[in-house]
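Residue numbers (our numbering): 326 to 1254.
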Amino acid sequence: MATKYVYFFGNGKAEGQGHQRELLGGKGAGLAEMTNIGLPVPGGFTITTEACAKYYASGRKWPSGLEKQVRDALARLEKICKKKLGDPKNPLLVSVRSGAAASMPGMMETVLNLGLNDRSVEGLASATKNPRFAWDSYRRFIQMYSTVVVGLSKETLESKLHDMKHRLGVRQDTDLTADNFQELCGQFKQFFREQTGRDFPQTPWEQLAGAINAVFGSWMAEKAVKYREVEKLHGLPGTAVNICQMVFGNMGEDSGTGVCFTRDPNTGENVFYGDLLMNAQGEDVVAGIRTPIALRELARHDAEVYEQLCGVRVILETHYKEMQDLEFTVERGKLYMLQCRTGKRAPAATFKIAVEQATKPLLSRPEAARLVRKKYLPKRYAAAATKPVLTKEEAILRIKGVDIERLFYPIIDPQFDSKSLSTRQLGIGINAVPGAACGQIVFNAPDAERRGAEGKKVILVRKETSPEDVGGMHAAQGILTATGGKTSHAAVVARGWGKCCIVGCEALQIDEKNERLSINGKTLRAGDFVTLDGSSGTIYEGEIGLVTPTLPKEYYTLMGWCDERRRLRVRTNADTPYDAENAVKMGAEGIGLCRTEHMFFDTEERRLAIQEMIVAESETQRRKALERLLPFQRQDFIGIFEAMGGRPVTIRLIDPPLHEFVPHTEDKQRELARRLGVEFEKVRRRVEMLHESNPMLGHRGCRLCISYPEILEMQVRAIIEAAVECRNRGIKVAPEIMIPLTIDAKELRILADRTREVAEDILSSAGVKIPYLVGTMIETPRAAVTAAKVAEVADFFSFGTNDLTQMAMGLSRDDAGRFLPDYINQEKAAIFKDDPFQTLDRDGVGMLVGHAIREGRSAKKNLKIGICGEHGGDPKSVHFCHEVGMDYVSCSPYRVPIARLAAAQASIREKAGGSARSAKKGGKKSRRA
């Protein structure tokens, strides 16, 4: 049976369905779904993503059977529209638009008004009795086809339009006449002929085939590939192509086009929100060429259409249970829906929308009844709209880790001097995406990328952004445009990234050639600093202090729901009381990794003491130096115990090789010798002796404590003495002493026994009892394989997955960055889906982890197990930790909320049957965390 590549929709029925996003793309699936639920959608058909994949697989040739299916679908569309493509009397015009499974706003191509030629434009003018509209549509088609399909200069064609308006003394396209547009068509065709050596295509099929190829081709365009890399959109087969009957927003003042959201995408407020351009086509809104009016103005132009659109808003949000981004056109007073998709939103709005959809209705009962009475809203949707559309579990699953990260993006410091702030104000634009950004002005995307790669903070300033700017937009701290509205390309893309953006600043004049701008009489040049306040739309001169914003109340509500549902406990990696306090504020339930060696670098006095210990030639000298370090370490642990208030604190004994603590240049070695009062040669020889060819696998971790047990003894003394002092002051403590880099149970037993001896001596002398644990990091493959024997000695396991990944995969974390991108690049090798140092490798490292857990618990049933590598804050890795039955994960303080969210999502999915493996019978909370 032949493969079906084309799915038709029209006359209220669609062959496709909304769940077929992978096959039909997001746009095609949305058009099919809107058709099937009875919304006014122009007829058309979708060419599948599978056809695109085969197009590339066969060397950019259409797969067998596609041409016939397209011709058959076109004939079917002509029949229901009662028009023919290219007909000289009553022509059918179509749009050709891209649509991948994942939203890629503006990254791929669109061609509108296809089917017009020198004869059919006259027929369109006659049939509509509107020559101006016909010639405007033709000039748009020539312009889009020339740039999108043939690749001619968009700027040159735009300049011809600009020159005409300048010559005629008009500002807007709407001020031009039919004769003006006819003249412009002639100029465009002449330019086409000069550049290509042939006439502009007049045959409808040639036009259509060319446009389809252009959309397929745009899948691999640089901007599209870069966007997929930025958004980590892996494994997509290609783009679908949507061919749809054209409806026209540029037929006069009773026509228009708009983009709207079922809720405010910046605040999450339950209001209908959007932009509208009267007498315009859809691309005008998104491109930001003209600054639109607010959606509510549609009620003044056509109250009935606005009410109908309000009904559509309710239908689609309740149907999808998600805030929707809609595109629509009004043609001579008739509403048509052209697209629906999940709307991108600002960080705080993400939480407000999720919480309100789980706790509040979209509409009040009186408002729903009014729309039902007017027949703009079916009763079944009215009933759904008057109660919450989500469960709390669905609301939790709606949030992503990156949504939490973006909540912490900066705002202008409220304490900044208000008088100074007002004197720095340059102008005000439209506040497209909230937050704040500060950086140096750049006027093009390549400069933004280059300076961003150099570590500089930049603000990308453009008249309007286009998809070609996506790399620079991503590199910039913020985006400022002279034109466009809240639904323009700049706003939509920036909102998806949570990036500060101001658009439509009409006072902004940009001279890109000379790299300068003027705004309200002030001139600035490339490299000058500006600060953007995306919440108010204000632009300021110079650098202004930024701070982390106050989190919205909905964040705390949703995180509370997460904590009620998760099994995994969440700890933090913290080395100072400050880090510990921050982590507790973030919801940390303990410390899973306190790196004691970081404390050695805190002051010059500490650094000198550890260096004295390293240079020492006898145990007596080493112990003397360690005695100087003891009070520093003890005081650090007291501060951390105080900050954690009785929560468990896992303290790792010294881990790095000793060479990391000593200088390696002659000048600094001489300085160290002088300060220690020893000969330079003694220092030089000691540093030379410490050199290792492969220090990551060398004399470090527990191996140091085997060689120099006095180091372990000092650190254990500091921990237990700090615990005793805190207990005597009424502070609860729960110390856990962790021995790193174990490879053998016998090795661990020697060190664990000595740890317990030192601890018991101190507790006995102090006359107190303090529960403590002695465990180990599982970070070598041998420790994982022999976990049953290791567990006989250890009270707990903590997986150090950074080193475990290095050793299991034979990769150096410090060097792999040179070639790992080639392994991860989905358009290239696609060997790995994710960076194994960011997301735990389930198939290799994960097998070792799972084996170690099973073996460890077979030897010690109640063995506490956690993870303390960077993977502890990665959502995919947290899901894995839940599945294999860990008790806790530990991560950096600012990733604690992300881990809490991921842990809750893992529990919810397990209970819903989505987890392939059971974490623990009954899904009970962990024994200890």
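Just so you know, even glycine gets a beta-carbon here, dropped at the ideal spot from N, CA and C.
Legend entry - Alpha carbon of H989 to alpha carbon of I935, nearest angstrom: 15 Å
Inset, instruction - Can you say whether G1247 is buried or exposed, counting buried as having 16 or more other CB atoms within 10 angstroms of its CB? - result: Unreliable positioning characterises G1247 in this predicted model, as indicated by a pLDDT of 38, which lies under 50. The coordinate reading is nonetheless provided below. G1247 comes out exposed.
Legend entry - Proximity below 7 Å, CB of Q345 to CB of A339: no
Legend entry - Exposed unless 16 or more other CB atoms sit within 10 angstroms - verdict on K1186: exposed
Legend entry - Buried or exposed (CB count within 10 angstroms, at least 16 for buried), V940: buried
Legend entry - Supposed contact pair I1064 and L1073 - C-beta distance, whole angstroms, cut 8 Å: 6 Å
Legend entry - Residues near T643 by beta carbon distance below 7 Å, same chain, minus five either side: Counting only Cβ-Cβ distances below 7 Å, and skipping sequence neighbours, we find L687, Y706, A709, A710 and V714.
Inset, instruction - Could you round the C-beta distance between L349 and G337 to whole angstroms and report it? I think they count as a contact, below 8 Å. - result: Taking the Cβ atoms as the reference, L349 lies roughly 18 Å from G337, outside the contact range of under 8 Å.
Inset, instruction - Flag this pair as touching only if the segment 966 to 981 and the segment 1047 to 1059 have three or more C-beta atom pairs under 8 Å; answer yes or no. - result: Yes, the segment 966 to 981 touches the segment 1047 to 1059.
Legend entry - Contacts around M1039, its chain only, beta-carbon distance under 6 Å, and the 5 residues preceding and following it disregarded: L951 and L955
Inset, instruction - May I ask you to list the residues that DSSP assigns as paired with T856? - result: C763 and Y865
Inset, instruction - Per DSSP, which residues does V584 bridge with? Please list them. - result: Bridge partners of V584: D600 and E652.
Inset, instruction - Measure the alpha-carbon distance for G796 versus M433 and round it to whole angstroms. - result: 14 Å
Inset, instruction - Please look up how many angstroms separate the CB atoms of L651 and C665, rounded, as I've assumed it's under 8 Å. - result: 5 Å
Inset, instruction - Grab the span of the beta strand (DSSP E) containing D836 for me, first residue to last. - result: L833 to D836
Legend entry - Range covered by the alpha helix (DSSP H) that runs through Y706: Counting along the chain, Y706 sits inside the alpha helix (DSSP H) bounded by residues K704 to A710.
Inset, instruction - Please list, in chain order, all residues of the same chain as R1242 whose beta carbon is under 6 Å from its beta carbon, the five residues on each side excluded. - result: Low confidence applies here, because R1242 scores a pLDDT of 46, under 50, leaving its location unreliable; read the following figure in that light. So the qualifying residues of the chain are E1208.
Inset, instruction - Pull up the distance between the alpha-carbon of H1176 and that of G915, whole angstroms please. - result: 26 Å
Inset, instruction - Quick one: give me the first and last residue of the beta strand (DSSP E) that C1216 is part of. - result: Y1213 to C1216
Inset, instruction - Measure the CB-CB distance between R1259 and N438 and report whether it falls below 7 Å. - result: Lying outside 326 to 1254, the shown extent of the chain, residue 1259 is not represented and no answer is given.
Inset, instruction - Starting from E1061, follow its DSSP beta bridges and name the residues at the other end. - result: Paired residue(s): T975 and L1098.
Inset, instruction - Go through its chain and collect everything with a Cβ distance to T435's Cβ below 6 Å, but skip five positions before and after it. - result: The answer, listed in chain order, is R422.
Legend entry - Contact belief for N1342 with G369 at Cβ below 8 Å, rounded distance in angstroms: Residue 1342 lies beyond the range of the chain shown here (326 to 1254); nothing can be said about it.
Inset, instruction - Kindly indicate which residue of P1020, F458, E937 and D1139 has the alpha-carbon position closest to the one of E656. - result: F458
Inset, instruction - Please name the residue in V987, Y552, L805 and V895 whose C-alpha comes closest to that of R931. - result: V987
Legend entry - For T435: DSSP bridge partner residues: R422
Inset, instruction - Determine the contact status of Q765 and V783, defining contact as a CB-CB distance below 7 Å. - result: Cβ atoms of Q765 and V783: closer than 7 Å.
Inset, instruction - May I ask you to report which of helix, strand or coil DSSP gives L893? - result: coil
Legend entry - Same chain only: Cβ atoms within 8 Å of P877, ignoring 5 sequence neighbours per side: Only A673, F676, K677 and L732 meet the Cβ criterion.
Inset, instruction - Determine the closest residue to T901 out of S1032, E889, Q960 and T873, with distance taken between C-alpha atoms. - result: Q960
Inset, instruction - Specify whether the segment 969 to 980 and the segment 1019 to 1030 touch according to this definition: at least 3 beta carbon pairs, one from each stretch, less than 8 Å apart. - result: yes
Inset, instruction - Over the uninterrupted beta strand (DSSP E) stretch that includes G1198, give me the two end residues. - result: Note, G1198: premise wrong, no beta strand (DSSP E); not H, not E.
Inset, instruction - Could you tell me the distance, in whole angstroms, from the CA atom of C1193 to the CA atom of R947? - result: 30 Å
Legend entry - Through-space distance from D1212 to S1090, alpha-carbon basis: 34 Å
Inset, instruction - Look at the alpha carbon of T587 and the alpha carbon of Q682, and state the distance between them as a whole number of angstroms. - result: 12 Å
Legend entry - Inter-stretch contact (C-beta, 8 Å, three-pair minimum) for the segment 837 to 848 and the segment 749 to 757: Taking one beta carbon from each stretch, the segment 837 to 848 and the segment 749 to 757 have 3 or more pairs nearer than 8 Å; the two touch.
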